[in-house]
Amino acid sequence: MNRPATIPAQTCRDAPILKQRGQREVFCGLTGIIWLHRKMQDAFFLVVGSRTCAHLLQSAAGVMIFAEPRFGTAILEEGDLAGMADAHDELDREVARLLARRPDIRQLFLVGSCPSEVIKLDLARAAERLTVEHAPHVRVLNYSGSGIETTFTQGEDACLASMVPVLPATQARELLLVGALPDVVEDQAVKLLSEMGIGPIRVLPAPRSAEMPGIGENVVYALLQPFLGDTAAALDRRGARMISAPFPFGEEGTTAWLRAIADEFGVDDETFDRVTAAPRARARKAVAAAAETLAGKSIFFFPDSQLEIPFARFLIRECGMEAIEIGAPYIHKGLVGPDMDLIPAGPTISEGQDVDLQLDRCRAARPDLTVCGLGLANPLEAEGLTTKWAIELVFTPVHFYEQAGDLAALFARPLRRRALLKLEAAE
Amino acid sequence: MKLTVWTYEGPPHVGAMRVATGMKGLHYVLHAPQGDTYADLLFTMIERRDHRPPVTYTTFEGRDLGADTAGIFKTACMDAYERFRPQALIVGASCTAELIQDDPGGLAEAMDIPVPVIALELPSYQRKEGFGTDETFYQIVKALARPMARTPEISCNILGPVALGFRHRDDIEEVRSLLWEMGIAVNVVAPLGATPEQITTLGQAHFNVMLYPEHAETACRHLEKVCDQPYTKTVPLGVGATHDFVAEVAALAGVEPRKDLSRLRQPWWSKSVDSTYLTGKRVFLFGDATHVKAAARIARDEMGFEVVGMGCYNREFARDIRALAKDYGLTALITDDYLEVEKAIEEAAPEMILGTQMERHIGKRLGIPCAVISAPVHVQDFPARYSPQMGWEGANVIFDTWIHPLVMGLEEHLLHMFREDFEFHDEAGPSHHGGHAPKPVAEPGAPVAETARPAQDAQDDAAPGSTGGDVMVWLEDAEKELKKIPFFVRGKARRNTEKFAAEQGVTEISIDTLYEAKAHYAR
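Sequence order for the protein chains is A and B. So the first sequence is numbered by my numbering: it starts at 10 and just counts up by one. So the second sequence is numbered by my numbering: it starts at 42 and just counts up by one.
Shown next as structure tokens:
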């Protein structure tokens, strides 16, 4: 059988969760726009917010994507704060101007921000009004990417969840893959599943609005990312059913994820093995190369993308690492429970953050590798700790068999680099 | 409401962070929601700082809004004081906290924190980053500096350098050595590297050097009034301005304007015959006002360029730049909308852009070389090597930086001679830039163009220089002839020809029109 052989008696799922409150060193949900706007090619993301929001998008992208991007910020000004009616008029004007300039746009997302929520600017109402005004060419949706409601990857969750109610209804028996992945990885998943005879396979989000999947009682869906809780809830409300599994990172995770879907579609073991044997062997081989660097090393996760728990499971079980602390912005056991089941109890599991206290724990533990955001990485390196910036893990193809080695290598590289550099005198 | 794609300046609290992060022993408690911590990475990544910015974010959430956000602020403020033990605190609100009106200044004042607490009022919905640096530094100076006895030796303060500044780190060294040559001691450099305690001793200097008006003008004015310290108005960027700066300092300090010119190579490099190809190069200037102002003088007087456009993004200095542009026979472009800047550059069709990282991208799209002269900064603007802009070495650095993007002297002629050569053709770009590989022989190499311009949108395809659908037409032969002109002057040739044709009332541009225009504009 291909199922994980042993379930440890006491797992992380039952471990107590450390919850602290204080300064959080994480992005807000607006950041997801950086990858979402590339995935949905006829969509535009219009943040209704402040200069800070615009500056965040520009800075978080690291380098500017300088072709006129398919996102922008409608910056609220003094006058907009005074009268709400005016703000709606202003928004209508900016949207009309934008759509006139960009006739290629078919979906427009009005993205709420901290300031728009504090002044209670009703973007849902604005989206309804603008949908009527610009129908049938453009559909206008809204979601919140504000820091007071969302962290980092929750922005993608909010975005996808906002699309679910307007997906067409279907009675078809279909598999829906949910989460924005690079095309190369998505294609690999579709190919593996198709070779097992599973189909039709649809994806959310689709690259173009015309290709959006249908939804109904016969649709089953599998999440590609562990941060899509609201989207899952919205899909459930439309009658679809989730296939629960560990997330497809590493050889083990990918196999477990595929196996869960295969079981749902009644694929026999022989077919499953025939399709997966070769890529599984490749994945094991590639992971083994990086695991030489990682085995026996300790790791400490600061909260960032909610990918921490599945990654920790991969690094512990397939790369031989030892986790000291696994921090995540939020822990949704309904989604990451199967991954937690595979992690033996031991590491501190923390949710949310008081960054100063967490830094104290990290410094005391002196892990071999610390996974953290860009604001913390260089300061910790300067203190002699080796770090892996978490955002690279979100922007790099790391899912499924063919990327399992890449995922391990991303963690191994900082350690290899530290060993490589000889910056002292020769003596 | 204004739609913005890319911004030259962040919000004002980022300006306050630039002051706080530049200083030592100061801590900033910022009332802000989760997510505003993104600003930390500007300092730790772009500037490669090895410490976290000294900023505590209160991190309130949606569910706190109806409850006690003021309580969250007070806890964060007290925790920050206990943990970091700063010599002084600055407190303020980010854009969202400004809306909930908790009054961080008032709250902190009532807390009996045993060090000075300086409240910042930075209107996020009206002002920007530049205002934030200037106002924050002013508030700190106002709160801490007092008149006091002058130092026995002649001394000055150097005011204005901040974190994330364009070459501030190296400019300070260069200006220190200019002052040292005149025997003037430096009392305090601030904000960069200064502690609040040192700020209290600003008053003992005899005068102030205002290094960056964008960040220190209000503080300098305040010190002039309160501590009776005059301040310098010349910014030593370029050879001429550095001479003027030395003269101004000497007059303020009552010393001899002594200078050591042994390291200054720029004037000879500019006079040497190899540089004749720089004559009359048409350049477009855009950036912060101080750097643009200096660049205009360097470009015209020290490089022999022709300035064909100039502007700045910081409205605070709009009047200065408008007046300067008038001297150059131009109309200044004052805007923070990069699309407007791009349009102006496209219309002016310069041979080079002297701008910010934003203009570097514009230049990439339009195929115009660009050298960076001003913030906003990028990780590339923090080189490991010593690379000042100010003083004598700064003048040398600027010369090298500005000519690097250009096609060099003789190569320009060779391109004219062998314009049809399949390897040595103009679209290969300057040969000393590795990135420009010879184009495949096959015609318009679509995949090559794709990689050179990633993430291309439909909008990008408007041909540079096209006049957009009016009556003027280029005949096929003329269009072909135009393509034989090397890329770095093609924009100018197209523009001059169209201007000439319009003046002559010609609607069809032939080869003859092209060469008549060439003769007309010969210089």
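Every residue, glycine too, gets a C-beta built ideally from N, C-alpha and C. Just so we're clear, the structure is a prediction, and the values are computed from it rather than from any experiment.
Inset, instruction - From the DSSP output, in three-state form, read off residue 517 of chain B for me. - result: Of the three classes helix, strand and coil, the one that applies to residue 517 of chain B here is helix, per DSSP.
Legend entry - Beta-carbon proximity check, residue 77 of chain B vs residue 93 of chain B, cutoff 8 Å: Taking 8 Å as the cut-off, the beta carbon of residue 77 of chain B is found no closer than this to the beta carbon of residue 93 of chain B.
Legend entry - Residue closest to residue 330 of chain A, alpha-carbon to alpha-carbon, out of A/362, A/341 and A/296: Per the Cα distances, A/296.
Inset, instruction - Let me know the secondary structure DSSP gives residue 121 of chain A once reduced to three states. - result: Strand, per DSSP.
Inset, instruction - Please report the Cβ distance between residue 363 of chain A and residue 322 of chain A, rounded to the nearest whole angstrom; I am assuming they are in contact, meaning their Cβ atoms lie under 8 Å. - result: Rounded to whole angstroms, the Cβ separation of residue 363 of chain A and residue 322 of chain A is 25 Å, and the two are not in contact under 8 Å.
Legend entry - Cβ shell of residue 400 of chain B (< 6 Å), same chain only, five flanking positions each side left out: Excluding positions up to five away in sequence, the list reads 327, 394 and 411.
Legend entry - Endpoints, alpha helix (DSSP H) assigned at residue 268 of chain A: Note, residue 268 of chain A: alpha helix (DSSP H), 259–273.
Legend entry - Chain-ordered chain B contacts of residue 100 of chain A [CB-CB under 8 Å]: Here the neighbours are 42.
Inset, instruction - Please classify residue 272 of chain B: does DSSP put it in a helix, a strand, or coil? - result: Here residue 272 of chain B carries a strand assignment [DSSP, helix/strand/coil].
Inset, instruction - For the segment 364–443 of chain B, list the alpha helix (DSSP H) runs that are entirely contained and at least 4 residues long, ordered along the chain. - result: Qualifying alpha helix (DSSP H) stretches, in chain order: 379–389 and 398–407.
Legend entry - Beta carbon of residue 223 of chain B nearer than 8 Å to that of residue 294 of chain B: Yes, the pair counts as a contact, with Cβ atoms nearer than the cut-off.
Legend entry - Whole-angstrom distance between residue 85 of chain B and residue 37 of chain A, CA atom to CA atom: Rounded to the nearest angstrom, the gap between the Cα atoms of residue 37 of chain A and residue 85 of chain B is 18 Å.
Inset, instruction - Say whether chain B places a C-beta atom closer than 8 Å to the C-beta of residue 84 of chain A. - result: So yes, residue 84 of chain A belongs to the interface.
Legend entry - Per-residue contacts from residue 386 of chain A into chain B (C-beta, under 9 Å): Under a criterion of Cβ atoms nearer than 9 Å, the residues of chain B adjacent to residue 386 of chain A are, in order, 82, 85 and 86.
Legend entry - Distance between residue 370 of chain B and residue 553 of chain B (C-alpha atoms, nearest Å): Looking at the two C-alpha atoms, the distance is approximately 30 Å.
Inset, instruction - Can you have a look at residue 163 of chain A and say buried or exposed, based on whether 16 or more other CB atoms are within 10 angstroms of its CB? - result: Residue burial is scored here from C-beta neighbours: residue 163 of chain A has at least 16 other C-beta atoms within 10 angstroms and is therefore classed as buried.
Legend entry - Nearest-angstrom Cβ-Cβ length linking residue 279 of chain B and residue 339 of chain B, presumed shorter than 8 Å: Between residue 279 of chain B and residue 339 of chain B a beta carbon distance of about 4 Å is seen, short of the 8 Å cut, so the two are scored as contacting.
Inset, instruction - Check whether the segment 160–170 of chain B touches the segment 115–129 of chain B, counting contact only when three or more Cβ pairs, one atom from each stretch, lie closer than 8 Å. - result: Taking a contact to require three or more Cβ pairs closer than 8 Å, the segment 160–170 of chain B and the segment 115–129 of chain B do not qualify as touching.
Inset, instruction - Output the distance between the C-alpha atoms of residue 324 of chain A and residue 417 of chain A, rounded to the nearest integer angstrom. - result: Going by C-alpha positions, residue 324 of chain A is about 7 Å away from residue 417 of chain A.
Inset, instruction - Report the three-state DSSP secondary structure of residue 151 of chain A (helix, strand or coil). - result: The answer is strand: DSSP assigns residue 151 of chain A an E or B state.
Inset, instruction - Pick helix, strand or coil for residue 241 of chain B, following the three-state DSSP scheme. - result: Correct three-state label for residue 241 of chain B: coil.
Legend entry - Simplified DSSP assignment, three categories, for residue 534 of chain B: Correct three-state label for residue 534 of chain B: helix.
Inset, instruction - List the endpoints of the continuous alpha helix (DSSP H) containing residue 197 of chain A. - result: It spans 192–204 - the alpha helix (DSSP H) in which residue 197 of chain A sits, taken as one unbroken run.
Legend entry - Cβ of residue 32 of chain A within 8 Å of any chain B Cβ: So, interface residue.
Legend entry - Terminal residues of the beta strand (DSSP E) in which residue 70 of chain B lies: Residues 67–72.
Inset, instruction - Take residue 391 of chain B as the anchor and find which of B/323, B/118, B/366 and B/143 has the nearest alpha-carbon. - result: Nearest of B/323, B/118, B/366 and B/143 to residue 391 of chain B, Cα basis: B/323.
Inset, instruction - For residue 203 of chain A, count neighbouring Cβ atoms within 10 angstroms of its own Cβ and tell me buried if that reaches 16, exposed if not. - result: With fewer than 16 other Cβ atoms within 10 Å, it is exposed.
Inset, instruction - Could you spell out where the beta strand (DSSP E) holding residue 83 of chain A opens and where it closes? - result: The continuous beta strand (DSSP E) containing residue 83 of chain A extends over residues 80–84.
Inset, instruction - Under 8 Å between beta-carbons, which chain A residues line up against residue 165 of chain B? List them in chain order, please. - result: Simply 59, 60 and 61.
Inset, instruction - Given a cut-off of 8 Å, decide if residue 410 of chain A and residue 289 of chain A are closer than it, judged by their beta-carbon atoms. - result: Their beta carbons are under 8 Å apart, which means residue 289 of chain A touches residue 410 of chain A by this criterion.
Inset, instruction - State the Cα-Cα distance for the pair residue 404 of chain B and residue 387 of chain B, rounded to the nearest angstrom. - result: Each residue's Cα considered, the two are about 9 Å apart.
Inset, instruction - With residue 218 of chain B as the anchor, note down where its alpha helix (DSSP H) starts and where it stops. - result: Note, residue 218 of chain B: alpha helix (DSSP H), 209–222.
Legend entry - Rounded C-alpha distance that separates residue 109 of chain B from residue 147 of chain B: When the Cα atoms are used, residue 109 of chain B and residue 147 of chain B turn out to be separated by approximately 15 Å.
Legend entry - Where the segment 182–199 of chain A meets chain B: residues whose CB sits under 8 Å from a CB there: The segment 182–199 of chain A vs chain B, Cβ under 8 Å: nothing.
Legend entry - Distance between residue 121 of chain A and residue 185 of chain A (C-alpha atoms, nearest Å): Roughly 27 Å separates the two Cα atoms.
Legend entry - For residue 170 of chain B, three-class secondary structure by DSSP: The answer is helix: DSSP assigns residue 170 of chain B an H, G or I state.
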